[in-house]
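Novice: Chains as they are written, first to last, in our numbering: chain H, 1 to 95; chain W, 1 to 113; chain Y, 1 to 315; chain L, 1 to 97.
A virtual CB, placed ideally from N, CA and C, is assigned to each residue, including glycine.
Structure incoming, see below.
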Amino acid sequence: MTDFLLAAAGFILFTVAVGLIRILGGPSNADRMMAAQLLGTGGITSLLLVASATGVHGVEDVALGLALLAAFASVAFVNSAAPPEPDDPQRANGG
Amino acid sequence: MSAPTLAGLIGAALVGLGLYGLITNPQPLRKILAFNLIGSGVFLLFGIIARKGAAAGFVADPVPQAMVITGIVVAFSASALAIALVLRLFQETGRVTLRPDASAGPPANGADT
Amino acid sequence: MSVLQALDIGLAALVLAVAVWTIFAREAFAAVVGYVAYGLLLSIVWVRLFAVDVALTEAAIGSGVTGVLLIGAAARLREAEMAAADEQPSEPQRFWASFLCVLVTLALAGVVLSLPDPAPTLAPEAAQKLAGTGLGNPITAVLIAFRSFDTMLEKVVLVLAVVGVWSLAPDRYWGGAPGAPRAARPESTLAFLAQLLPPFGILIGIHIFWVGADEPGGAFQGGAILAAMWMITMMARLTEAPPVSSIWLRLALIAGPAVFLATGVAGVAMASGFFAYPAGFAKPLILFIEAFMTLSIAVTLPMLVAGPPRRLPRR
Amino acid sequence: MSLVLDILTIMAICAGAFFFFAGTVGLLRFPDALSRLHALTKADNLGLGLVVLGLLPRTGSLFASLKLVAVWALIQLAGATAAQLIARAARRKGPAP
């Protein structure tokens, strides 16, 4: 049973990670964010499986914290599309 | 190879990788990321010492773990300060270069000096 | 090779791959997304090292406040960073840099491989003194009882970082509110999330702080989650960042270190010395200190992310 | 009884792993951002949900089981809102070309 749980954890982690590494290159920032979101869910899943298999206690709270904050990167990404702050130099002369 | 040793080797590789990024990446934000990689590599080295020091019924030595927790919080506050500095530099000059010979860029609109 | 070993090696390869991406990606935004993913993978590594407290800290700080801080900065600096990317160092410089880095890595790897097993450890001492504190979680005991001075100073570092960030404000904004990370316009989806999440988040944050006495958790982890909850209400424009001149904000920022230091000084009179707790009262005192520390961390982290004041002060 | 539970665990986790696989394949193969998002949310909802279902018999206490269910519920919420937000950003063509 332990080996099965570990194998499942490895399988899930690797499918989502392959997705992440492939998608980090783009095409768009929205795609990168999606890949990170998928890795977040897959990561939590593998964390629970690994903890259940290796008998580490208290991992539910780690998963709970990660699940609570899962949307934060995406929210920050969407907010970052906001227009520049009034004090920022114009984007056009940034270089 | 045991899990702690493996984690220690990743830690060593992360320190090297982060150091390379810190030296060669010209952008300040990337340097901050690289510096954080070095930090997490060092934390992992602490982690293996903690795990290998498991004794007295504990799965790992609590002292290095507590130091890593302190370290993570301090690393975050240092990164936040560094990013605030970079953003201020950008506000003032419109660029974020660290080259000493680069003169101030186009005048920033409305920024105080 | 067992399944567990295969998983460990795979996880190690993955962490390294994402780290390499973070260093070598062309665009800053892609590197930052890589770094956020890296933080999540790292918390799995910490669980494999049986360091659940550290995994919890990494999860709470790494995926909440750090992500918001870095993604916001990457978006604002996009063009400027692109321009700076042209200043790549020359070939020989890169060669010598990589040479140095390989040397450092090899030296550290040598140290790792030559570590004695079992390593020198303070676990027996910690276990022996743990009973005197009444706590069940040795890491909380180390943080708040055995190395309390260290932890108190670390709180001071957080306050100093806030002072440093605030001191970057242009003069005319001094006393105003920070430009909190926020949406360009109110969005109903985001507001929905920001209304639904905090009740659960506050519950979970306080739970993690409270169980920290006996199980993995504690003031940092709980405080970081509470901080994230305050931040999402600011990001959804449901709340505004308070002006830096607010007396309540300042009191909340220093409450943790101040109570900690006061308790430590009181130890000179009430117990055996500086930062000593009177016998029998250790656990309630530790929880008392941790409660204020949780509050301070919950206020400090969003202030660090929000940056210096960017709004004119109200007169 | 425990054999039945073990079989349930194995079946649920296998099904969950399949949804993660499908989600990644969708992320890599679908032509546009919105369909990729569609594939992604399936993995969020069903992948994690089925794995949590499979792990429930293995948790020691009722409280731990409740926490697992809460993890799933929170990921549902995060996944649904993040998908909405990313979709809107993608339709605005995103912040960067």
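Mind pulling the chain L residues with CB within less than 8 Å of residue 189 of chain Y?
Specialist: Within the third sequence, the letter at position 189 stands for residue 189 of chain Y. Those within 8 Å of residue 189 of chain Y in chain L are 81, 84, 85 and 88.
Novice: Output, in sequence order along the chain, the residues in the segment 55 to 70 of chain Y whose CB is closer than 7 Å to any CB in chain L.
Specialist: Going along the segment 55 to 70 of chain Y in chain order, one finds no residue with a Cβ nearer than 7 Å to chain L.
Novice: Buried or exposed, going by whether 16 or more other CB atoms sit within 10 Å of the CB of residue 22 of chain H?
Specialist: For the purposes of this step, residue 22 of chain H is taken as the residue at position 22 of the first sequence. Looking at its Cβ environment, which holds fewer than 16 other Cβ atoms inside 10 Å, residue 22 of chain H is exposed.
Novice: Hey, quick one: how far does the alpha helix (DSSP H) through residue 72 of chain L stretch, first residue to last?
Specialist: In the fourth sequence, residue 72 of chain L corresponds to position 72, counting from 1. Element bounds for residue 72 of chain L: 62 to 91.
Novice: For residue 261 of chain Y and residue 146 of chain Y, what's the separation of their Cα atoms in angstroms?
Specialist: Here residue 261 of chain Y refers to the residue found at position 261 of the third sequence. Here residue 146 of chain Y refers to the residue found at position 146 of the third sequence. Near 15 Å, if we compare the C-alpha coordinates of residue 146 of chain Y and residue 261 of chain Y.
Novice: If contact is defined by three or more beta carbon pairs under 8 Å, each pair taking one atom from either stretch, is the segment 154 to 174 of chain Y in contact with the segment 60 to 70 of chain L?
Specialist: With the cut-off at 8 Å, the segment 60 to 70 of chain L and the segment 154 to 174 of chain Y do not touch.
Novice: On the three-state DSSP scale, how would you describe residue 178 of chain Y?
Specialist: For this step, residue 178 of chain Y is matched to residue 178 along the third sequence. In this structure, residue 178 of chain Y counts as strand in the three-state DSSP scheme.
Novice: Rounded to the nearest angstrom, what separates residue 285 of chain Y and residue 11 of chain H at their Cα positions?
Specialist: As a working mapping, residue 285 of chain Y is identified with position 285 in the third sequence. As a working mapping, residue 11 of chain H is identified with position 11 in the first sequence. Approximately 46 Å, taken between the alpha carbons.
Novice: Along chain Y, in chain order, which residues have C-beta atoms closer than 9 Å to that of residue 3 of chain H?
Specialist: Along the first sequence, read from residue 1 onward, the residue named residue 3 of chain H stands at position 3. Near residue 3 of chain H (Cβ distances below 9 Å), the residues of chain Y are 2, 3 and 4.
Novice: In the DSSP assignment, what residue or residues form a beta bridge with residue 309 of chain Y?
Specialist: Here residue 309 of chain Y corresponds to residue number 309 of the third sequence, with the count starting at 1. According to DSSP, residue 309 of chain Y bridges with Y:178.
Novice: I need the DSSP call for residue 51 of chain W, collapsed to helix, strand or coil.
Specialist: Along the second sequence, one-based indexing puts residue 51 of chain W at 51. Note: residue 51 of chain W maps to helix in three-state DSSP.
Novice: By the criterion of Cβ-Cβ separation under 9 Å, what are the contact partners of residue 27 of chain Y in chain W?
Specialist: Translated into the one-based positions of the third sequence, residue 27 of chain Y becomes position 27. None at all; the shortest Cβ gap to chain W is about 10 Å.
Novice: Hey, would you say the C-beta of residue 35 of chain Y is under 6 Å away from at least one heavy atom of the ligand COA?
Specialist: The ligand COA is not part of this structure, which contains no ligands at all.
Novice: Give a yes or no on contact between the segment 65 to 74 of chain H and the segment 80 to 87 of chain L, applying the rule of three or more CB pairs nearer than 8 Å.
Specialist: The segment 65 to 74 of chain H, when compared against the segment 80 to 87 of chain L, does touch it at the 8 Å Cβ threshold.
Novice: Out of curiosity, what's the CA-to-CA distance linking residue 211 of chain Y and residue 82 of chain Y?
Specialist: The sequence position of residue 211 of chain Y within the third sequence is 211, counting from 1. The sequence position of residue 82 of chain Y within the third sequence is 82, counting from 1. Roughly 46 Å separates the two Cα atoms.
Novice: In its own chain, which residues sit with a C-beta less than 6 Å from the C-beta of residue 15 of chain W, not counting the 5 before and 5 after it?
Specialist: Here residue 15 of chain W refers to the residue found at position 15 of the second sequence. These residues qualify, in order along the chain: 38 and 41.
Novice: Quick one: what does DSSP say residue 109 of chain W is sitting in, helix, strand or coil?
Specialist: Within the second sequence, numbered from 1, the residue matching residue 109 of chain W stands at position 109. With a pLDDT of only 44 at residue 109 of chain W, under the threshold of 50, the placement of this residue in the model should not be trusted; the figure read from the coordinates follows. Three-state DSSP puts residue 109 of chain W in coil, outside helix and strand.
Novice: How would you label residue 183 of chain Y, buried or exposed, when you count the other beta carbons within 10 angstroms and need 16 or more for buried?
Specialist: One-based indexing of the third sequence puts residue 183 of chain Y at position 183. Classification for residue 183 of chain Y: buried.
Novice: Going by other Cβ atoms of all chains shown within 10 Å of its Cβ, with 16 needed for buried, is residue 91 of chain L buried or exposed?
Specialist: Locating residue 91 of chain L in the fourth sequence gives position 91, counting from the first residue. Looking at its Cβ environment, which holds fewer than 16 other Cβ atoms inside 10 Å, residue 91 of chain L is exposed.
Novice: Taking 8 Å as the cut-off, does the segment 65 to 85 of chain Y touch the segment 93 to 111 of chain Y (at least 3 CB pairs, one atom from each stretch)?
Specialist: The segment 93 to 111 of chain Y is not in contact with the segment 65 to 85 of chain Y.
Novice: Taking residue 79 of chain H as part of the alpha helix (DSSP H), name the residues at either end of that continuous run.
Specialist: As a working note, residue 79 of chain H is residue 79 in the first sequence. 72 to 79 is the span of the alpha helix (DSSP H), which, as asked, contains residue 79 of chain H.
Novice: Which residues in chain Y sit within 7 Å of residue 52 of chain W, going by Cβ to Cβ distance?
Specialist: Here residue 52 of chain W corresponds to residue number 52 of the second sequence, with the count starting at 1. Simply 115, 117, 118 and 119.
Novice: Does the contact criterion of 3 or more C-beta pairs under 8 Å hold for the segment 34 to 44 of chain Y versus the segment 35 to 50 of chain H?
Specialist: Flag = yes, the segment 34 to 44 of chain Y and the segment 35 to 50 of chain H touch.
Novice: Excluding the 5 residues preceding and the 5 following residue 14 of chain L in the sequence, name in chain order all residues of the same chain whose CB lies nearer than 6 Å to its CB.
Specialist: Against the fourth sequence, residue 14 of chain L aligns to sequence position 14. None.
Novice: Quick check: what's the CA-CA separation for residue 72 of chain W versus residue 150 of chain Y?
Specialist: Translated into the one-based positions of the second sequence, residue 72 of chain W becomes position 72. Translated into the one-based positions of the third sequence, residue 150 of chain Y becomes position 150. C-alpha separation (whole angstroms): 14 Å.
Novice: Return no unless some Cβ of chain L is closer than 7 Å to the Cβ of residue 43 of chain H.
Specialist: Within the first sequence, the letter at position 43 stands for residue 43 of chain H. Cβ-Cβ to chain L under 7 Å: no for residue 43 of chain H.
Novice: Could you check whether the Cβ of residue 48 of chain H sits closer than 7 Å to any Cβ belonging to chain L?
Specialist: As a position in the first sequence, residue 48 of chain H is number 48, starting the count at 1. At least one chain L Cβ lies under 7 Å of residue 48 of chain H.
Novice: Is it buried or exposed for residue 217 of chain Y, if we count other Cβ within 10 angstroms and need 16 for buried?
Specialist: Taking the first residue of the third sequence as 1, we reach residue 217 of chain Y at position 217. Buried: at least 16 other Cβ atoms inside 10 Å.
Novice: Residues in the segment 16 to 34 of chain H with C-beta within 9 Å of chain Y's C-beta atoms, listed in sequence order?
Specialist: Listed by position, the residues of the segment 16 to 34 of chain H near chain Y (Cβ gap below 9 Å) are 17, 20, 21, 24, 25, 26, 29, 32 and 33.
Novice: Got a sec: is the Cβ-Cβ distance from residue 82 of chain W to anything in chain Y below 7 Å?
Specialist: As a working note, residue 82 of chain W is residue 82 in the second sequence. Answer no: the Cβ-Cβ gap between residue 82 of chain W and chain Y never drops below 7 Å.
Novice: Touching or not, the segment 196 to 214 of chain Y and the segment 119 to 130 of chain Y, by the rule of three or more beta carbon pairs under 8 Å?
Specialist: With a cut-off of 8 Å, the segment 119 to 130 of chain Y and the segment 196 to 214 of chain Y do not count as touching, because too few Cβ pairs lie within range.
Novice: Could you tell me the boundaries of the alpha helix (DSSP H) in which residue 240 of chain Y lies?
Specialist: In the third sequence, the residue the question calls residue 240 of chain Y occupies position 240. Per DSSP, residue 240 of chain Y belongs to no alpha helix (DSSP H) and is neither H nor E.
Novice: Taking the straight line between their C-alpha atoms, what separation do you get for residue 60 of chain W and residue 159 of chain Y?
Specialist: Within the second sequence, numbered from 1, the residue matching residue 60 of chain W stands at position 60. Within the third sequence, numbered from 1, the residue matching residue 159 of chain Y stands at position 159. About 31 Å.
Novice: I'd like to know if the segment 67 to 79 of chain L and the segment 28 to 47 of chain L are in contact, where contact means that at least 3 CB-CB pairs between them fall below 8 Å.
Specialist: Yes: at least three Cβ pairs fall under 8 Å.
Novice: With a threshold of 8 Å on Cβ separation, who are the neighbours of residue 197 of chain Y within its own chain once the five nearest residues in sequence on each side are excluded?
Specialist: Indexing the third sequence from 1 puts residue 197 of chain Y at position 197. Result list for residue 197 of chain Y: 229 and 232, in chain order.
Novice: Report yes or no: is there a C-beta of chain Y within less than 7 Å of the C-beta of residue 17 of chain L?
Specialist: Translated into the one-based positions of the fourth sequence, residue 17 of chain L becomes position 17. It does not; no Cβ of chain Y falls within 7 Å.
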